[in-house]
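Novice:
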Amino acid sequence: MNNDNKGDGMNNLDVYLKSRHDFVNQFQLLYTYKQLGKHEEVDLLIDELYKNLKQEQLFLNAPCRKFVHNVFEYKLSLSGSKWTFEIDNSNIDYYQKNLVKTDDTLTNIFNDLKASVINDMDEKNIHISLTVEEEFVTMLVWLSPTNKDFNQIEQSFSKYNVEILSESQNHIELEFFINLQEIEV
Numbered sequence: 029m030n031n032d033n034k035g036d037g038m039n040n041l042d043v044y045l046k047s048r049h050d051f052v053n054q055f056q057l058l059y060t061y062k063q064l065g066k067h068e069e070v071d072l073l074i075d076e077l078y079k080n081l082k083q084e085q086l087f088l089n090a091p092c093r094k095f096v097h098n099v100f101e102y103k104l105s106l107s108g109s110k111w112t113f114e115i116d117n118s119n120i121d122y123y124q125k126n127l128v129k130t131d132d133t134l135t136n137i138f139n140d141l142k143a144s145v146i147n148d149m150d151e152k153n154i155h156i157s158l159t160v161e162e163e164f165v166t167m168l169v170w171l172s173p174t175n176k177d178f179n180q181i182e183q184s185f186s187k188y189n190v191e192i193l194s195e196s197q198n199h200i201e202l203e204f205f206i207n208l209q210e211i212e213v
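Structural data, given as structure tokens:
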């Protein structure tokens with residue numbers, strides 16, 4: 029990465045080089061499977077890549093623009109991290125307005141996640157899922173192991189309606205419930 033403008037964020041070339049590096053790694057894996065005659069693995073990897081790209085595109089186009097910008101700015105700043113996204117946009121009646129309404133809250137949660145948990149993770153594998161309903165938005169976050177213990181994590185998010193769904197040596201799963209009636213407009 030080009031470090032000439034540290035503190036100024038990544039420049040366009042840095043972003044391009046990182047994206048290209050990730051793409052080339054995935055392509056090399058596909059090519060290796062093809063060369064080895066592992067057609068089933070090729071098909072599975074293509075299906076997985078397609079699903080992940082489709083979900084990432086939905087996430088990039090989500091109407092909670094501050095949150096999306098914050099997540100992707102951070103994602104691009106990290107090297108060697110793996111991110112996946114999932115977004116349920118089936119409730120068209122609520123999707124747009126509820127994600128716009130929860131944008132600041134989602135951004136605040138993510139900022140707290142970065143400061144309290146993600147920055148302390150040795151390996152950064154992160155999955156973010158958003159589900160939009162009529163009266164609430166749920167953000168499910170799956171993270172690779174962290175150096176924080178259960179009580180520290182609970183205390184870090186005491187101001188939110190959060191449940192720690194699971195915690196093990198392999199991952200931690202947090203579910204944040206955002207009640208739309210509790211958000212000031």
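Residue numbers (the numbering used here): 29 to 213. For glycine and all other residues, C-beta sits at the position ideal for the given N, C-alpha and C. All of these numbers come straight from a predicted model, not from anything done at the bench.
Restricting to Cα atoms, I'd like to know which of K66, L208 and V169 is closest to K129.
Specialist: L208
Novice: Looking at N153: is its Cβ nearer than 8 Å to the Cβ of K110?
Specialist: yes
Novice: Measuring only the C-alpha atoms, how far is K103 from I156?
Specialist: 12 Å
Novice: On a Cα-Cα basis, can you pick out the residue from K62, M149 and Q54 that is closest to N217?
Specialist: Residue 217 cannot be examined here, being either before or after the span of the chain that is shown, 29 to 213.
Novice: Checking 8 Å against the spacing of the C-beta atoms, do R93 and D132 come in under that value?
Specialist: no
Novice: What do you get for V169, buried or exposed, if any count of 16 or more other CB atoms within 10 angstroms of its CB means buried?
Specialist: buried
Novice: Label G35 either buried or exposed according to how many other C-beta atoms from any shown protein chain fall within 10 Å of its C-beta, with 16 as the threshold for buried.
Specialist: For G35, the predicted model reports a pLDDT of 44, less than 50, meaning its position is unreliable; a value from the coordinates is still stated below. Under this definition G35 is an exposed residue.
Novice: Out of curiosity, what's the CA-to-CA distance linking N89 and N198?
Specialist: 30 Å
Novice: Should Y184 and E151 be called a contact, given that it needs their Cβ atoms to be closer than 8 Å?
Specialist: At residue 184 the sequence reads Ser, which differs from the Tyr that was named. No, they are not a contact pair.
Novice: Where F138 and M149 are concerned, what is the direct C-alpha to C-alpha distance, given to the nearest angstrom?
Specialist: 15 Å
Novice: Between which residues of its own chain and K176 is the CB-CB distance below 8 Å, once the five residues before and five after are set aside?
Specialist: Only S144, V145, D148 and S184 meet the Cβ criterion.
Novice: By Cβ distance below 7 Å, which residues in the same chain neighbour V211 in space, the five residues on each side in sequence not counted?
Specialist: The identity of residue 211 in the sequence shown is Ile, whereas the question assumes Val. Excluding residues within five positions, the ones whose Cβ falls inside 7 Å are K129, T130 and T133.
Novice: Identify whether H155 lies in helix, strand or coil by the three-state DSSP scheme.
Specialist: strand
Novice: Taking DSSP as the reference, what is the three-state secondary structure of E161?
Specialist: Coil.
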